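All letters in the sequence shown, in the order written, are residues -27 to -1, 1 to 360 by mature numbering (1 follows the signal peptide of the UniProt record, and there is no 0). Please read the structure below before turning to the comments.
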Amino acid sequence: MYSMSLKHMAALASLSAATLLPGNLNAQPAPVPFTEQNTATPDKQEILSIARKVADWQIKEFPNNKYAVKEPKGWIAGALYMGMFDWAELSGDNQYFDWLKKVFNRQHWQVADRMYHADDVCVSQTYIDMYTKYKEDKMLLPTTARIDWVINNPSNGGLDIDYSKPLSYERWSWCDALFMAPAVYTRLYTLTGNKKYMIFADAEFKATYNHLYDKDDKLFFRDSRYFGQQEANGKKVFWGRGNGWVIGGLAEILKTLPAEDTEYRPFYLQLFKELSESLANLQNKDGFWHASLLDPDSYPSPETSATGFIVYGLAYGVNQGYLPADKYLPVIQKGWNALVSAVEPDGKLGWVQPVGADPRKVTREMTELYGTGAFLMAACEMYKFNK
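Okay, here's the thing in structure tokens:
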């Protein structure tokens, strides 16, 4: 377990000791205004309390028509499962593992239907984590069957997105895919020692990186359709959640690569640091990252899925010593306290942009499973600051 250095403690001590309590969104139709309290150091018991409230609300509402997802093996639920697994481990409460097992047993530990689509193996990240914990073959076999098939039958699709051509989704041709799939392969590489998983994933990731990463702004386009588009202010279109997916995915890659790896880690670590710096500089005064990274004035509402994944990635980076605490802790803590302000009294996380591919308007009543997953992943890393 990572423990705080004196440098980290000094950075924490420099921040306000005030605590931001969960807000009531029914009484807050507007974004939370920036105050110095947005950088308050969170107490670990408060983190546990709010994370439990959010997790419990989501489990209670999971079967309900209003919040249910049509494909429980798909990416929307897959991102939730990742956060729920992290929370189950942190809390030490087996009821959350039991819930995951119940859901996964009901779907027989299967992945979703599209053979090549990155979204349809996002769930495998949690399957593999559950297998690592419980060592039950049924938890792993459908995932290895799918991934082995993809490696043995690589797609000849391109990297330019065209909704009319399903072949264009057979590669990791949109930046969200860098969260959905690569860390499935790194997990299998670490678990089995078979390098074929990393060879495939590394080549595919770098192809997407070369296609979608803007080396001037050091941000990812969501996909090729946005290369020439502009926001209302004339800036490039860089989607908040899209880049949140990438920083979260990079954290998962770094977390799940073999500890002794020196062949692959340097590239991903360097990219992680570059993207972290870009994102930290684009945080809004309210503590959130908004739907558009370069035109927040056109999208002034908070956006908690982008913010959750970015806080998770940055907090992971500080906890691992990859990012300097004195620079990033104020950003992370302001982002975390903004997230907490978006939680309703009953545990519902609001201000989550619905499923999409680019910046859109967000309202406080909007919620999605992946928003909860991002919140729980962020909460677990926030707690580790105080361990």
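Just so it is clear, CB atoms sit at the ideal spot from N, CA and C, and this is done for glycine as well. Treat the numbers as computed from the prediction; the structure is a model and nothing was measured.
Beta carbon of M339 nearer than 7 Å to that of G56 = Against a cut-off of 7 Å, the Cβ pair of G56 and M339 comes out as no contact.
For E341, does the count of other Cβ atoms within 10 angstroms reach 16, so buried, or fall short, so exposed?
-> By the neighbour-count rule (16 or more Cβ atoms within 10 Å), E341 is buried.
Does the stretch 228 to 237 come within contact of the stretch 210 to 217, defined as at least 3 CB pairs closer than 8 Å?
-> They do not touch, by the three-pair rule.
Spatial distance of L327 from T116 (CA atoms) | It is worth fixing the name first, because residue 327 is Pro in this sequence and not Leu. One C-alpha to the other measures close to 28 Å.
Could you tell me whether the stretch 80 to 91 touches the stretch 138 to 156, using the rule of 3 or more Cβ pairs below 8 Å?
-> Yes, the stretch 80 to 91 touches the stretch 138 to 156.
L192 (DSSP reduced to helix, strand or coil) = Taken through DSSP and simplified to helix, strand or coil, L192 comes out as strand.
Pick helix, strand or coil for Y182, following the three-state DSSP scheme.
-> DSSP places Y182 in helix when its eight states are reduced to three.
Between R337 and G320, is the Cβ-Cβ spacing less than 7 Å?
-> Annotated as distal: R337 and G320, with beta-carbon spacing of 7 Å or more.
For W147, which beta-bridge partners are listed by DSSP?
-> None, per the DSSP bridge assignment.
Check S274 in the structure and name its three-state DSSP category.
-> Here S274 sits in coil by DSSP.
Please confirm if the stretch 311 to 319 is in contact with the stretch 244 to 255, defined as three or more CB-CB distances below 8 Å between the two stretches.
-> Cβ pair count under 8 Å is below three, so no.
Identify which residue in V325, D175, V219, L296 has its Cα closest to the Cα of L192.
-> Relative to L192, the option among V325, D175, V219, L296 whose CA is nearest is V219.
Mind checking who S265 pairs with in its DSSP beta bridge?
-> For S265, DSSP records a beta bridge to W212.
Could you round the C-beta distance between V84 and K46 to whole angstroms and report it? I think they count as a contact, below 8 Å.
-> The pair is a contact, with the Cβ atoms about 6 Å apart (cut-off 8 Å).
Report the partner residues of G203 according to the DSSP bridge assignment.
-> What sits at residue 203 in the sequence shown is Gln, not Gly. Paired residue(s): K209.
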